[in-house]
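Scroll down for the structure; my scribbles are underneath it.
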Amino acid sequence: MAEEINIRNISVKCGHCNTYQTLCGFARRDDWNVYTYECENGICDANMTRTLIEVPAHLDVFARRDPEWRGGRKHAGAEE
Ligand SMILES: [Zn+2]
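Written as structure tokens, this is what we have:
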């Protein structure tokens, strides 16, 4: 009965420039963890193509593992 979501297992691809977006932000909203993805290729205006992915906090193993994480820097290229 393990129902979990690890945001790192999800890839976010931009429908405009057809490249993968980069995780660049994290916030909590009530019982949701909100991850922000943006294009960082200079093709798209990030303000127009930004993606917000909301994960129920109780299913979010990524945030649970790194409760103090606030940005993409720590995980930018890190492998476990
Ligand atoms: Zn794009």
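For the sequence shown, position 80 matches number 87 in my numbering, and the numbering has no gaps at all.
Glycine included, C-beta positions come from ideal geometry on N, C-alpha and C.
These numbers were taken from a predicted model, which means no experiment stands behind them.
Could you tell me which of the options sits nearest to residue i, measuring between CA atoms?
i	options	result
R36	Q28, T56 and I60	I60
D52	I17, N13, H23 and Y42	H23
N54	W39, N40, S18 and C31	C31
T58	R71, G49, L66 and K20	K20
N48	N13, N16, A34 and T26	T26
Can you find a C-beta in chain B that's less than 8 Å from the C-beta of residue i?
i	result
T29	Note that chain B does not occur in the displayed structure, where there is just one protein chain.
Can you determine whether any heavy atom of ligand 1 sits closer than 7 Å to the C-beta of residue i, and answer yes or no?
i	result
H65	no
C31	no
Contact check, residue i vs residue j under 8 Å by CB: the rounded distance?
i	j	result
A70	W39	That pair is no contact at about 10 Å.
With burial defined as no fewer than 16 other Cβ atoms inside 10 Å of the residue's Cβ, what is the status of residue i: buried or exposed?
i	result
E45	buried
Contiguous beta strand (DSSP E) assignments of at least 3 residues, all confined to the segment 11 to 43: 29 to 36
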